[in-house]
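Everything on this sheet refers to the single structure shown next.
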């Protein structure tokens, strides 16, 4: 069944043409991805389909009984309600039916009504009908559905009574997604739903959307997600759309095959045209062959000429090289720990791993585990609290910062690069920038005015020119469109150095990594393979743990107890640090108060002070306050020492 159909859509913003001749069909159970370059009009198309934006030409058909739900990019749930109160609003119609059932049950218990058999039987029939309707619509499972979605979106550690207004922007975005998933519209339209999601949540969302009862239309830069979820691709390029059946990887193969086929047919026709033109030119003037030449000319005129196939739009072109080769041992990290000076908790501890030449190590782990902090510790931007980092011979580090903190400048793009490499000719600098899609007037833009994608490309240009033999990359695919990600992957695949990187882009991890290092805060574990291998091993470990728990429940209890003891010990150490810090603060404050009393006493011995009644009274009062404060501090100090 066709749930929605768009024919020949055209959309402009002022004089700028954004979309033209767009055709799209949404069938029941379709999983559609809309892909294309940044700025191609993908989000605009979603807003047009959702009815949030008007369009100039074409038509959209959607039956009235087909519901559509739309989640815009960067949309957070704004509400004064608690998490539960907001989620349950999706099921207000079921709550009303539930209340109606309770009222009917009260009536059924009325002895006066029981005596009126006709009315009583009618009430029973109505009750049965409503109960069946309530059950079929999910009335007995909607609370379980809410809990399942909240758990999947990583709200299991939140109280359902938490006020939404107290949550972060990313958490509000996840809740907006959760509310839309619970509503289960016939057509679910999602613009970058994978933003703000960690890998566990992404895995859950993939499984949820695979079994979603309606159709799904998605814009996403997460290619691994698209491979797992979608079965139809619409590419938006040069204002128009092209349909492909299959997932993202299948789309890439079909697109390449179609281009090669079309180019061969075009070249074949061009050869035929040239052959016919040559024949006409040579034989038109000769009496013996003029009729044949005229026939060939008519054949040429009637021929439907093919346009030359348009390949991909202009792409960035770059590669990474090294100045010199490093030793085989690139990095040795032993028992590394990190704690911010003004914070009580340790970010990570006991991190141990080795990196050898030509390794491609992906660093993965839950959000907040300290992956970026670890990279900054290795690059010496942050100071470790304990452990050691040993660098190998001739190691030269090139660092890509996801926050682009090193790209805050009022310089123009040209001089941002040229000032770091003043020995280069301007022509060569412009050539490098051109390879990263900075052409013409683009090189005169100020760095501060660049978009996230432009800053990312400029940072990669600088990194390329460094020619470091160890690349440490923090979320290098952020802000890059799909095409730029693929160019980066190709460049890194051919790179003759070593790579240690953090990324949430699982497709990128799968393509680049030869090892996956999982961080869990208090330990690390190395898996020798790419991301798919890592997932397989994790699943095996989960199954083995479940088997062990079944075979030896006592051992499982001991492991749980040991884990709880570890967490308890960490908490105790944290509290002990706080206690010692407070003792030091008290002792310092006592000394300050004693010094103040001594200073005031000296002043009170001076004739000009003790003869000034008002001044001496003020100093005496100040001393009394200091003595009172010392007594309070001493009581607290003794109390803290009793805890030893």
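Numbering (the UniProt record's numbering), first residue to last: 1 to 644. No residue lacks a Cβ here, since even glycine has one placed at the ideal position from N, Cα and C. Because the structure is a prediction, the values reported are computed rather than measured.
Is DSSP giving residue 329 helix, strand or coil here?
strand
Within its chain, find whatever has a CB closer than 6 angstroms to the CB of residue 484; leave out the 5 residues flanking it on each side and keep chain order.
316
I want to know whether the region 44-58 touches the region 4-23 - three or more CB-CB distances under 8 angstroms.
yes
From which residue to which residue does the alpha helix (DSSP H) around residue 93 run?
92-108
Starting from the C-beta of residue 204, find all residues in its chain whose C-beta is less than 7 angstroms away, skip the five residues before and the five after it, and write them out in chain order.
152
Flag residue 489 as yes when its Cβ comes closer than 6 angstroms to any non-hydrogen atom of the ligand ZN, and as no otherwise.
Within the structure as shown, the ligand ZN is missing, as the structure has no ligands at all.
So is residue 401 buried or exposed if we call it buried at 16+ other beta carbons inside 10 Å?
buried
Buried or exposed (CB count within 10 angstroms, at least 16 for buried), residue 191:
buried
Given residue 266, which residues of its chain have a CB within under 7 angstroms of its CB, disregarding the five upstream and five downstream residues?
306, 308, 309
Residue 435 classed as buried or exposed, judged by whether at least 16 other C-beta atoms fall within 10 angstroms:
buried
Closest to residue 349 by C-alpha separation, out of 451, 338, 161, would be which residue?
338
Cβ contact check for the region 459-477 and the region 497-510: 3 or more pairs under 8 angstroms:
yes
So, under 8 angstroms CB-CB, residue 170 and residue 196 are touching, yes? Tell me the CB distance rounded to an integer number of Å.
4 angstroms
Quick one: is residue 257 buried, meaning 16 or more other Cβ sit within 10 Å of its Cβ, or exposed?
exposed
What do you get for residue 263, buried or exposed, if any count of 16 or more other CB atoms within 10 angstroms of its CB means buried?
exposed
Helix, strand or coil: how does DSSP classify residue 515 here?
strand
In chain order, what residues of the same chain have a beta carbon less than 6 angstroms from the beta carbon of residue 382, not counting five sequence neighbours either side?
376
Coarse secondary structure for residue 303, derived from DSSP in three states
coil
Quick one: any contact between the region 54-62 and the region 157-171, if contact means 3 or more CB pairs under 8 angstroms?
no
Do residue 361 and residue 355 have their C-beta atoms within less than 7 angstroms of each other?
yes
At the level of alpha carbons, what is the spacing between residue 334 and residue 209?
42 angstroms
Taking only beta-carbon positions, decide if residue 176 is within less than 7 angstroms of chain B.
Absent from the structure: chain B. Only one protein chain is present.
Please determine, among 120, 201, 181, the residue with the shortest C-alpha to C-alpha distance to residue 145.
181
Paired residues, beta bridge with residue 12 - DSSP:
17
Can you list, in chain order, the residues of its chain with a C-beta nearer than 8 angstroms to that of residue 447? Leave out the 5 residues immediately preceding and following it.
407, 408, 409, 410, 411, 412, 413, 416, 455, 458
Using the C-alpha atoms, what's the distance from residue 22 back to residue 295?
40 angstroms
Whose C-beta lies closer than 6 angstroms to the C-beta of residue 590 among residues of the same chain, with five residues either side of it excluded?
630, 633
Contact under 7 angstroms by Cβ, residue 623 with residue 586
no
Own chain residues within Cβ distance below 8 angstroms of residue 80, not counting five before or after
163, 164, 165
Starting from the C-beta of residue 31, find all residues in its chain whose C-beta is less than 6 angstroms away, skip the five residues before and the five after it, and write them out in chain order.
216, 229, 230, 231
Are residue 35 and residue 260 touching if we call contact CB-CB under 7 angstroms?
no
Would a C-beta distance cut-off of 7 angstroms place residue 91 and residue 142 closer than the cut-off?
yes
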